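Protein chains in written order, with our numbering: chain A, 2 to 290; chain B, 777 to 1080.
Put into structure tokens, the structure is as follows:
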């Protein structure tokens, strides 16, 4: 995050930093592969209930069964299989939300940063309004009124999480707007749209990639929280948040039912953040705040 | 100074008006609010009664101005479920949410200020890295899950704290810690970067040349300048904490505003939801305004 200043002290530990980035990339890479190949890698049907096989503990505990590596849930569904399908839901929500919020935020940010004046006032006003709205509460209300589904959740989050995209796109656009190649493009008679899409956007995209990782991590956490509160992804879909909510009544006797999806959630979000931090350093996208 | 404050105040009022429109529109998303309040098992006559009682048969602009006019005078409507004014419902639960929010913020500051300062003073070392790792962990932690894990570990196994409710002050400790987790990464990063910037400034070099001790430089000269943005962000973070406390209040069954909102959403009591959204947004706007004013008082350069 603070490349220049850290380098000055001469006390950097580059291997650790690279290791962290690699670890992040590895986690995200595994999550992507697992999400894509979910139907082919699950050992069992994640929706198949077997009431004779309820709450079988995972492999490192007494009473485990070899065919259920991570045990089974309160309805006898294979936990590993549900966890694998849950990866798919988390990644899907993360990507869909980032695409949507990125489109809104980057458009607003570039417009405000490039044109300045009234347009910028308007963009800043919209950002202020967005920040004033209580995020989780509004998302819960929308899902309650419109109906819970994966699409509704990611659309809602996408409509709400664009503020950081807008802030960063605006600041970075302001920085490149006065540079020579923009003036050159203008002099060459390029259209406004061409300048915004071909000259401005490619030069700020590095910063936006870092924002995208942060927002993706946030979206995954928020989906889990919404599903946990019963207003996210509907059952029987194995969202990690929903898995925790459904297993909550059993957590005092078999804590692993909430530990496994919770740790998965933590590791994935941590991986995305580590990757984002690493990309920021590698791409030199150190934005002074 | 006066112009600056006037412009900020005007902006705050404009944002309030926009939020008023948004929270009104929000509850109309399903298309038929009466049907949403009545729930899936309602008969046509139930819906008709609700429509009449809430005046939902009037044109939307009329409904909006009626509601907004009352809201502006502090009358937030009546709860469908409790049959009492929403203002009273919020008022009764506000102390819990405020105590929780302030506890969370206090814990967050108590953790992030010393760690942020230490990280900046030892910038680039293993200590710095370890502290930044804490920020990353805090950022990746699912708060509702952390709450459950603490309930199992500290509440049930060790029996240090009550696992739900706020009958005693101990009830605020665990939810306060969980809430603090969400504010710690931002506050810690800001303290650290502010301190690093302050430590690189010319007056620090002068202080060093004068032969001042390292401790004195860090705490007396650098901290004063680094603290300012932290103070204003702390106010904004309190706004986020209050808005985000809905999840924590649900996990720990704390009878605060967030719990009220969640309960109202799941029980289709949308007049309450609409009011709570507006209320939390106005609190946030007031807090940011306060932060701006504090900044202007502390930093003469902003008064322009």
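Glycine residues also receive a C-beta, built at the ideal position from the N, C-alpha and C atoms. Quantities reported herein were computed from a predicted structural model and do not represent experimental measurements.
The Cβ neighbour count for residue 944/B, taken over all protein chains shown within 10 Å, is under 16; the residue is labelled exposed. Taking 8 Å as the CB threshold, residue 254/A stays off the interface with chain B. Taken through DSSP and simplified to helix, strand or coil, residue 79/A comes out as strand.
Residues of the segment 922-943 of chain B with a C-beta atom less than 9 Å from some C-beta of chain A are 922, 924, 925, 927, 928, 929, 932, listed in chain order. Chain B places no beta carbon closer than 8 Å to that of residue 280/A, leaving this residue out of the contacts.
Residue-level contact check: residue 135/A touches chain B, since one or more beta carbons of chain B fall below 8 Å from its beta carbon. Pairing residue 201/A with residue 115/A gives a Cβ-Cβ distance under 8 Å. Under the 8 Å criterion on CB atoms, residue 72/A is classed as non-interfacial with respect to chain B.
Taking a Cβ-Cβ threshold of 8 Å, none of the residues of chain A is close to residue 856/B; the smallest such distance is about 14 Å.
Counting along the chain, residue 1029/B sits inside no alpha helix (DSSP H), nor does DSSP assign it H or E at all. Under the DSSP assignment, residue 979/B falls in the alpha helix (DSSP H) whose first and last residues are 978-985. CA-to-CA, the gap between residue 41/A and residue 34/A works out to about 11 Å. If you check each beta-carbon in the segment 1019-1042 of chain B against every beta-carbon of chain A, the ones closer than 8 Å belong to 1019, 1020, 1022, 1023, 1026, 1034, 1037, 1038, 1041, 1042. Only residues of its own chain outside the window of five on either side were considered, and among them 796 have a CB closer than 6 Å to the CB of residue 844/B, listed in chain order. A Cβ-Cβ contact shorter than 8 Å links residue 47/A with residue 82/A. Residue environment: residue 899/B is assigned as buried (16 or more neighbouring CB atoms within 10 Å of its CB, all protein chains considered). Contact of residue 823/B with chain A is not assigned, every C-beta pair being separated by 8 Å or more. When beta bridges are read from the DSSP output, residue 73/A appears opposite 79/A.
Residue 1051/B counts as buried, since at least 16 other C-beta atoms from the protein chains shown sit within 10 angstroms of its C-beta. Residues of chain A whose Cβ lies closer than 7 Å to the Cβ of residue 1057/B are, in chain order, 133, 134, 135. Spatial neighbours of residue 1040/B in its own chain (CB-CB distance under 6 Å, excluding positions within 5 residues in sequence) are listed in chain order as 1048, 1049. Residue-level contact check: residue 794/B touches chain A, since one or more beta carbons of chain A fall below 8 Å from its beta carbon. In chain order, 142, 143, 146, 147 make up the part of chain A whose C-beta sits under 9 Å from the C-beta of residue 805/B.
As summarised for the segment 123-162 of chain A, the continuous alpha helix (DSSP H) elements at least 4 residues long and confined to that stretch are 136-147, 151-161, given in chain order. Neighbours of residue 888/B in chain A, taken as residues whose beta carbon is under 7 Å from its own, are absent, since the nearest beta carbon is some 16 Å off. If you ignore the 5 residues before and after residue 947/B, its C-beta comes within less than 6 Å of the C-beta of 938, 941, all in its own chain and listed in chain order. About 6 Å separates the Cβ atoms of residue 227/A and residue 154/A, confirming a contact at the 8 Å cut-off. By the Cβ-count criterion, residue 100/A is exposed, with fewer than 16 other Cβ atoms from all chains shown falling within 10 Å of its own Cβ.
Using a Cβ-Cβ distance cut-off of 8 Å, the segment 238-251 of chain A and the segment 261-268 of chain A are in contact, since at least three pairs of beta carbons, one from each stretch, lie closer than that value. By the CB criterion at 8 Å, residue 149/A and residue 233/A fall inside the cutoff. Only residues of its own chain outside the window of five on either side were considered, and among them 997 have a CB closer than 7 Å to the CB of residue 979/B, listed in chain order.
Your pair residue 955/B and residue 907/B does not check out as a contact, with CB atoms roughly 20 Å apart and the cut at 8 Å.
Annotation: the continuous alpha helix (DSSP H) that includes residue 268/A extends over 257-283. Put simply, of 59/A, 111/A, 71/A, 126/A the residue whose alpha carbon is nearest the alpha carbon of residue 786/B is 126/A.
Residues 47, 83, 86, 87 of the same chain have their beta carbon placed closer than 6 Å to that of residue 239/A, with the five preceding and five following residues left out of the count. Per the C-alpha coordinates, the member of 921/B, 895/B, 952/B, 871/B positioned closest to residue 911/B is 895/B.
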